[in-house]
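The structure under discussion appears below in the form of structure tokens.
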Amino acid sequence: DKPIGTMLGDGFIEGLKFLGREKLTFDLGVDQHSGGDWQLEEAVEMIQLAHEGVDDAQKVRIVINHLCKPDLSICTLPPDELHDNPRFQKWREAMFELSQAKNTYMKLSGCLSELPDSLKTESANHIFAAILPWLSVILAAFRGRLMFGSDWPVCTVGVGDDAWKKWKAVVERMCEMGDLGMEEQIMLWSGTAIVVYGLNPST
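What follows is the structure, given as structure tokens:
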């Protein structure tokens, strides 16, 4: 809901570089579905500017939320039409561009709220099948840099009280589909968040 160009301003970029120097993390919210493709384009450019000329050790860590809220209204299209859809193609291209920066991470969250209403109350297996094209891209682009996000309690809106369990089951299916090893799964469910946010789970 910010004006075009907000995250490309000099002050904004300098703020990101400051966060990097302070070893802090920036959570990035992009909304392709409601906001438009331009948000994807600006996000790619923002990260490039924030990391430009900065030593690797001081590059700000960026957690990208909600898969950039892709347009899941098209998830009911036949596979051939979906993969040729301009919105899916734009999103897929942006995911691989965003993943080029090693200090970027993807939070697996926000998908339930973006589903068509007709799918929100379906089973986890049904939802997994519907959004598999998007999950496949995310796994290919950000493998090793994924973290689980529950979105609770917001995820229950329009979905029901079992939303958290349903989303967890969807992500578990993704882990099976991608043949993620035990260490990779530990990182996805907790390890990536511990590292990226500098958490101390023993306290």
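Taking my numbering, I'd label the letters of the sequence shown as residues 792 to 994.
Cβ coordinates follow ideal geometry from the N, Cα and C atoms, glycine included.
So, helix, strand or coil for K898, using DSSP? Here residue 898 corresponds to residue number 107 of the sequence shown, with the count starting at 1. K898: strand per DSSP, three-state reduction.
Taking the C-alpha atoms as reference points, what is the distance between S825 and S904? Taking the sequence shown and counting its residues from 1, one reaches residue 825 at position 34. Taking the sequence shown and counting its residues from 1, one reaches residue 904 at position 113. If you take the alpha carbons of S825 and S904, they lie about 12 Å apart.
If you drop the 5 nearest sequence neighbours on each side, which residues of the same chain put their C-beta closer than 6 Å to that of I804? Working through the sequence shown from its first residue, we reach residue 804 at position 13. Contacts found: L840, A841.
Neighbourhood of D828 by C-beta, 6 Å cutoff - its chain only, sequence neighbours within 5 removed: Residue numbering aside, residue 828 sits at position 37 when the sequence shown is read from its first letter. Cβ neighbours of D828 beyond the five flanking positions: K881.
Among the candidates S941, W925, F887, G802, whose CA atom is the shortest distance from the CA of S981? What you label residue 981 is simply residue 190 of the sequence shown in a count that begins at 1. The residue with the shortest Cα to Cα distance from S981 is S941.
Cβ distance (whole Å) where K893 is taken to contact V845 below 8 Å: Counting from one through the sequence shown, the residue named residue 893 turns up at place 102. Counting from one through the sequence shown, the residue named residue 845 turns up at place 54. With a Cβ gap of about 12 Å, K893 and V845 do not count as contacting.
One or two residues paired with V854 in a DSSP bridge: Taking the sequence shown and counting its residues from 1, the one referred to as residue 854 is at position 63. Answer by DSSP bridge pairing, in chain order: D818, Y896.
I'd like the list of long-range same chain contacts for V962, defined as Cβ closer than 8 Å, with 5 residues on each side in sequence excluded. If you number the sequence shown from 1, residue 962 lands on position 171. The answer, listed in chain order, is L899, F939, L979.
If we require 3 or more residues per run, which beta strand (DSSP E) segments fall completely within the region 901-961? 937-939
Would you call A848 buried or exposed, if buried means 16 or more other Cβ atoms sit within 10 Å of its Cβ? Counted from its first residue, the sequence shown places residue 848 at position 57. Exposed, since its Cβ has fewer than 16 Cβ neighbours within 10 Å.
With hydrogens ignored, establish whether the beta-carbon of T895 is closer than 7 Å to any heavy atom of the ligand ATP. Because no ligand of any kind appears in the structure shown, any question about the ligand ATP cannot be addressed here.
Closer than 8 Å by C-beta to D908: which residues in its own chain qualify, once you throw out the five before and the five after it? Chain order, please. The count along the sequence shown starts at 1 and reaches residue 908 at position 117. Answer for D908: G949, listed in chain order.
Between E732 and L873, is the Cβ-Cβ spacing less than 8 Å? Nothing about residue 732 can be read from this structure; the chain reaches only from 792 to 994.
Outcome for L937 when other beta-carbon atoms lying within 10 angstroms are tallied against a minimum of 16: Position 146 of the sequence shown holds residue 937. The residue in question, L937, is buried, as its Cβ has 16 or more Cβ neighbours within 10 Å.
Taking just the CA atoms, how far does A984 sit from N991? If you number the sequence shown from 1, residue 991 lands on position 200. If you number the sequence shown from 1, residue 984 lands on position 193. The straight-line gap from Cα to Cα measures roughly 10 Å.
Alpha helix (DSSP H) containing Q830: first to last residue? Position 39 of the sequence shown holds residue 830. First-last of the alpha helix (DSSP H) with Q830: 828-842.
I need the boundaries of the alpha helix (DSSP H) containing G802, first residue and last residue. One-based indexing of the sequence shown puts residue 802 at position 11. Here the alpha helix (DSSP H) through G802 covers 801-812.
Is Q823 buried or exposed, if buried means 16 or more other CB atoms sit within 10 Å of its CB? The sequence position of residue 823 within the sequence shown is 32, counting from 1. The residue is buried, with at least 16 neighbouring Cβ atoms inside 10 Å.
I'd like to know whether the C-beta atoms of S864 and A932 end up nearer to each other than 8 Å. Indexing the sequence shown from 1 puts residue 864 at position 73. Indexing the sequence shown from 1 puts residue 932 at position 141. Result no, Cβ atoms of S864 and A932 do not sit closer than 8 Å.
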